[in-house]
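Taken in order, these protein sequences are the chains called A and B.
Per the numbering used here, the very first residue in the first sequence carries number 1; after that it's consecutive.
Per the numbering used here, the very first residue in the second sequence carries number 1001; after that it's consecutive.
Don't be surprised by glycine CBs; every beta carbon is placed ideally from N, CA and C.
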Amino acid sequence: MDNNPPNPQLDPKIADLERRLRLALRHQPAPAGLRTRVLAQAQIRRTSQHGRTWIFQRLAASLVLAAVFAGLVAWRQAEERRKGEAAREQVLTALRITSHALKNAGTRINDSSNDDSH
Amino acid sequence: MKPVHVFSTLLALALAAPVAALAQDQLPTPSPIEKSLADRAEHTTEVTLDRNMLAFAAKFMDSKDKDQAAVSDMLKGLQGVYVREYQFAKEHSYTTDDIDGLRKYFESSDWSPMVKERTKGVATGTDVFVKLVNGQMQGLFVLDAEDKELSLVLILGPIDIEHLSQLGGNFGIPKDAVKKAEKKVTK
């Protein structure tokens, strides 16, 4: 394209546009070190993005673990309370039966004492 | 006898003594009679609590509640509680042999009979055995056989009569029965 000479038959305005276009589109070599700089920037961006993702992943995992742990502790406490209350009820039941049996024993002692005294 | 044999015999005795003592303080395993009674009963209540469970239950007693606080105090030091209550639909659903079988466990030198009440010809009666160690009550066994009900109570460990008296009225334990039992024990 650059090697083609301007067409003398064209309108001077168009010829001027063509000339300016040629000038603007001519090949220019990249500045020295541009490739290295671009690659370095991309690497930095990639690294920082990876770091952020990793932090978010760790945070999410920690939150999940904390939630699971809290759930386990709450379940264990509830289970222990349930067992404790069941044991307490058993003790009270045992006391009720004991008191009933002792009451009967007392009545029999009383009766036999009264029989002995007569 | 060789010295080695003497030593091994002494060692065996030394090891056997605590085991025997432990066995005395352990809760009994349910006898076949109990299983048979449970089969015949309309309603059965079984409570077996060892020392650990009693301590655990004590933690859940409401300390603000006077009665429960007293129970919690009473539970301290107890080795175990073993309670069975059988309620029958018909009268005399058990035999004298059943009661004798249940009583057999306690007819040893460790247990002293305190109350023994029988009705001739009928399988009803009350037995109270106590285990005394150095003049202190370390166990209480009550077997109460009514027409339609059979109750078996075994409490192992130091039983404070004062504590038991404090529970009188609150849980239906009559103070008179306890006091009279105490008098009989000290006689």
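Run through the DSSP bridge pairs and tell me what residue i is partnered with.
i, result
"Arg1084 of chain B", "B:Glu1046, B:Leu1152"
"Thr1126 of chain B", "B:Glu1117, B:Asp1144"
"Val1133 of chain B", "B:Gln1136"
Judging by CA-CA distance, which residue of the options is the nearest neighbour of residue i?
i, options, result
"Leu1150 of chain B", "B:Lys1120, B:Val1115, B:Arg1040, B:Gly1139", "B:Arg1040"
"Pro1158 of chain B", "B:Gln1026, B:Leu1078, B:Ser1031, B:Arg1118", "B:Leu1078"
"Val1081 of chain B", "B:Thr1045, B:Arg1051, B:Leu1102", "B:Arg1051"
"Asp1110 of chain B", "B:Val1153, B:Ala1058, B:Leu1140", "B:Leu1140"
"Asp1098 of chain B", "B:Pro1028, B:Pro1032, B:Leu1027, B:Gln1026", "B:Pro1032"
"Tyr1086 of chain B", "B:Asp1147, B:Leu1156, B:Asp1160", "B:Asp1147"
"Val1071 of chain B", "A:Arg88, A:Arg19, A:Thr53", "A:Arg88"
"Phe1088 of chain B", "B:Pro1028, B:Asn1134, B:Thr1045", "B:Thr1045"
"Asp1062 of chain B", "A:Ala67, A:Gly84, A:Gln49, A:Leu65", "A:Gly84"
"Val1142 of chain B", "B:Gln1136, B:Glu1117, B:Lys1090", "B:Glu1117"
"Ala86 of chain A", "B:Thr1096, B:Arg1084, B:Thr1048, B:Asp1100", "B:Thr1048"
"Thr1029 of chain B", "B:Glu1091, B:Ala1055, B:Ser1112, B:Val1083", "B:Val1083"
Use the C-beta contact count for residue i: other C-beta atoms within 10 angstroms, 16 or more gives buried, fewer gives exposed.
i, result
"Phe56 of chain A", "exposed"
"Gln1138 of chain B", "buried"
"Gln43 of chain A", "exposed"
"Gly106 of chain A", "buried"
"Val1130 of chain B", "buried"
"Ala1123 of chain B", "buried"
"Asp111 of chain A", "exposed"
"His1043 of chain B", "exposed"
"Ala94 of chain A", "buried"
"Ser62 of chain A", "exposed"
"Arg1103 of chain B", "buried"
"Gly76 of chain A", "It is worth fixing the name first, because residue 76 of chain A is Arg in this sequence and not Gly. Under this definition Arg76 of chain A is an exposed residue."
"Phe69 of chain A", "exposed"
"Ala1023 of chain B", "Bear in mind that the predicted position of Ala1023 of chain B carries a pLDDT of just 41, short of 50, making it too unreliable to give a figure here."
Which first and last residues belong to the beta strand (DSSP E) in which residue i is found?
i, result
"Met1114 of chain B", "1111 to 1119"
For residue i, is the beta carbon positioned less than 8 Å from some heavy atom of the ligand MG?
i, result
"Thr47 of chain A", "In the structure on display, the ligand MG does not appear, and there are no ligands present to speak of."
Give the range of the alpha helix (DSSP H) segment to which residue i is assigned.
i, result
"Asp1067 of chain B", "1066 to 1075"
"Leu1140 of chain B", "Unbroken run through Leu1140 of chain B is the beta strand (DSSP E), 1136 to 1145; no alpha helix (DSSP H)."
"Gly1101 of chain B", "1096 to 1104"
"Arg20 of chain A", "12 to 24"
"Ser1093 of chain B", "From DSSP, Ser1093 of chain B is part of no alpha helix (DSSP H); its letter is neither H nor E."
"Ser1189 of chain B", "Nothing about residue 1189 of chain B can be read from this structure; chain B reaches only from 1001 to 1187."
So with Cβ pairs under 9 Å, would you call residue i a contact of chain B?
i, result
"Val68 of chain A", "no"
"Leu59 of chain A", "no"
"Val64 of chain A", "no"
"Gln90 of chain A", "yes"
"Arg52 of chain A", "no"
"Glu85 of chain A", "yes"
Between residue i and chain A, is the shortest Cβ-Cβ distance under 9 Å, so that the two count as touching?
i, result
"Ile1155 of chain B", "yes"
"Gln1068 of chain B", "yes"
"Val1188 of chain B", "An answer regarding residue 1188 of chain B cannot be provided, because it is not within the stretch 1001 to 1187 covered by chain B."
"Leu1143 of chain B", "yes"
"Ser1112 of chain B", "no"
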